[in-house]
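Colleague: The structure under discussion is supplied below as structure tokens; questions concerning it will follow.
2 protein chains.
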Amino acid sequence: MITIAIADDHPMVVTGICNMLQAYEDIHIIQRHHTGASLMQGLQQQIPDVLLLDIHLAGLNSITLLPQLQQQYPQLKILVISSIDNPFVIRDLLKKGIHGYTTKGIQPGLLQQAIVEVYKGQIYVEPMIRERMLASVLPAAKETDARLTKREMEILQLLCDGDNNYDIAEKLFLSHRTVENHRLSIYFKLEVKNIAQLIKTAQIQGLI
Amino acid sequence: MITIAIADDHPMVVTGICNMLQAYEDIHIIQRHHTGASLMQGLQQQIPDVLLLDIHLAGLNSITLLPQLQQQYPQLKILVISSIDNPFVIRDLLKKGIHGYTTKGIQPGLLQQAIVEVYKGQIYVEPMIRERMLASVLPAAKETDARLTKREMEILQLLCDGDNNYDIAEKLFLSHRTVENHRLSIYFKLEVKNIAQLIKTAQIQGLI
DNA sequence: ACTTACCTAGGGATTTTCCCCTAGATTTAA
DNA sequence: TTAAATCTAGGGGAAAATCCCTAGGTAAGT
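Respectively, the protein sequence lines represent chains A and B.
All residue numbers for the first sequence refer to my numbering, where the first residue is 101 and numbers rise by one.
All residue numbers for the second sequence refer to my numbering, where the first residue is 101 and numbers rise by one.
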């Protein structure tokens with residue numbers, strides 16, 4: 101018997117999930133929450149085996165709850181359910197220590213499977229997403245050694261604010277040529293060839 | 101008795117809706133679809149009073165089906181259900197002739213109310229969205245400027261890919277000066293002053 | 001002590017962007 | 001059927017970015 105708590109600010113999704121899981125006798129839903137506050141309170145009463153967590157809870161990004169959840173309930177398995185299908189975003193979530201990820205489009209049978217896998221201590225990622233993540237495995241490895249230095253990160257931030265070399269030079273008390281050098285080395289590391297691609301890549305990789 | 105067809109590529113949402121509406125005896129769900137093709141076929145068999153339509157159907161934007169739906173089934177009421185809560189986007193949908201809009205976060209009672217309203221020929225917008233649309237009435241003037249034309253959107257996409265004016269000119273068979281003009285008018289509309297801010301703004305506003 | 005990475009700065013040239021304009025053709029809305 | 005918006009294209013010039021380089025100082029590890 102696996103106990104479940106659901107946290108999602110869309111009642112429709114909550115009832116949808118409940119309905120899906122009704123058929124499985126080994127899964128028992130013990131809590132339903134629509135807000136982060138309600139969730140944290142509920143966990144104090146009783147700790148489920150698996151938490152089905154939507155990324156968007158009314159007004160707050162539930163990912164911000166992760167560190168707290170992990171610290172207070174280290175044995176709690178967290179299965180994130182969301183609409184996002186960007187492999188980079190999901191990879192970041194997994195890095196943050198969630199135990200599984202599925203989209204809201206998952207088939208009932210797979211959801212049950214996901215819960216069981218996560219419960220058993222496996223990391224579960226919905227098959228379709230898993231494929232897409234595989235497709236981005238190489239860029240993922242690349243991204244690791246594409247680590248920017250402190251100065252480069254600093255300049256990246258300002259570039260992303262729309263500052264030009266001269267603005268940045270003034271703010272950091274540097275020559276604009278120095279800023280240019282940093283900028284070009286950022287381009288090289290992130291394998292982009294202009295500022296537009298840089299901003300996009302930085303956003304996708306969560307560098308800003 | 102109001103007959104309903106549901107079109108949503110997320111089984112979870114479909115079962116959630118069905119579950120929500122089970123309690124209401126005056127509402128009868130006669131069709132469930134996960135793809136646009138299935139939907140169009142189903143409508144040929146039997147026309148429901150109200151169509152609950154998700155914006156995202158497997159692989160296609162269901163909004164593209166609107167003209168066809170309206171032409172073939174002028175008496176069909178279309179209630180769009182989605183996760184989008186951007187008032188501007190919703191206003192555009194209403195302009196395109198949908199009869200109602202709710203998010204997936206709607207309460208069961210309100211969903212039933214929405215269906216009844218739409219069935220009776222009213223335009224229904226979820227209360228929370230309605231408020232936010234009201235709140236954007238004044239900036240609506242500003243937003244009018246901020247709406248990009250077709251050509252501008254096209255160029256925005258390419259700019260976000262890192263193409264420069266010359267690349268874009270070649271791809272679209274234009275002069276690079278023309279591309280430049282479009283680019284500058286995009287800058288003006290989005291109130292940015294260079295490509296870096298543009299990419300960032302476009303990402304944040306979901307324009308790409 | 002020595003290599004390596006990092007930060008700094010610049011010369012010089014080319015390409016692209018950015019800013020100020022005008023202006024005709026076409027499309028759309030009032 | 002006007003009026004307004006959009007799409008097209010360009011002149012001319014200033015500013016910035018991009019692409020070649022070199023090179024000294026500093027900091028960290030081996």
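All residues carry an ideal CB built from backbone N, CA and C; glycine is no exception.
1) Measure the beta-carbon distance from Ile206(A) to Ile178(A) and round it to whole angstroms, keeping in mind my assumption that it falls under 8 angstroms.
2) Check for me: the alpha helix (DSSP H) holding Ala269(B) runs from which residue to which?
3) Strictly below 8 angstroms CB to CB, what residues from chain B border Gly262(A)?
4) Between the region 104 to 121 of chain A and chain B, which residues of the former have CB atoms less than 7 angstroms from a CB of the latter, in chain order?
5) Check the Cβ of Pro227(B) against every Cβ in chain A and list those closer than 9 angstroms, keeping chain order.
6) Straight-line CA distance for Leu169(B) to Arg247(B)?
7) Would you identify the three-state DSSP class for Thr278(A), choosing helix, strand or coil?
8) Which residue from Pro167(B), Gln297(B), Ile163(B), Val180(B) puts its Cα closest to that of Ala105(B)?
9) Is DSSP giving Lys177(B) helix, strand or coil here?
10) Report buried or exposed for Arg277(B), applying the criterion of at least 16 other Cβ atoms within 10 angstroms of its Cβ.
11) Quick one: give me the first and last residue of the beta strand (DSSP E) that Gly262(A) is part of.
12) Please determine, among Pro208(A), Thr202(A), Lys250(A), Gly209(A), the residue with the shortest C-alpha to C-alpha distance to Met228(A).
13) Which residues in the same chain as Glu252(A) place their Cβ atom closer than 8 angstroms to its Cβ, once the five residues preceding and following it in sequence are excluded?
14) In chain A, which residues lie with their C-beta within 8 angstroms of the C-beta of Ser182(B)?
15) For a contact defined as C-beta to C-beta under 9 angstroms, what are the partners of Ile206(B) on chain A?
16) Beta carbon of Glu226(B): closer than 8 angstroms to some heavy atom of the ligand SAH?
17) Which of helix, strand or coil does DSSP assign to Asn186(B)?
18) Smallest Cα separation from Tyr124(A): which of Leu210(A), Asp192(A), Leu157(A), Gly136(A)?
Modeller: By the coordinates alone:
1) 16 angstroms between Cβ atoms; not a contact.
2) 265 to 272
3) Val292, Lys293, Asn294, Ala296, Gln297, Lys300
4) Asp109, His110, Pro111, Met112, Val113, Thr115, Gly116, Ile117, Asn119, Met120
5) Those within 9 angstroms of Pro227(B) in chain A number zero; the least Cβ separation is about 15 angstroms.
6) 26 angstroms
7) helix
8) Val180(B)
9) strand
10) exposed
11) No beta strand (DSSP E) contains Gly262(A), which DSSP labels as neither H nor E.
12) Thr202(A)
13) His282, Ser285, Ile286, Lys289
14) Within 8 angstroms Cβ-Cβ: nothing; Ser182(B) doesn't reach chain A, min ~10 angstroms.
15) His110, Pro111, Met112
16) Judged by which ligands are present, the structure shown has none, so any question about the ligand SAH falls away.
17) coil
18) Leu210(A)
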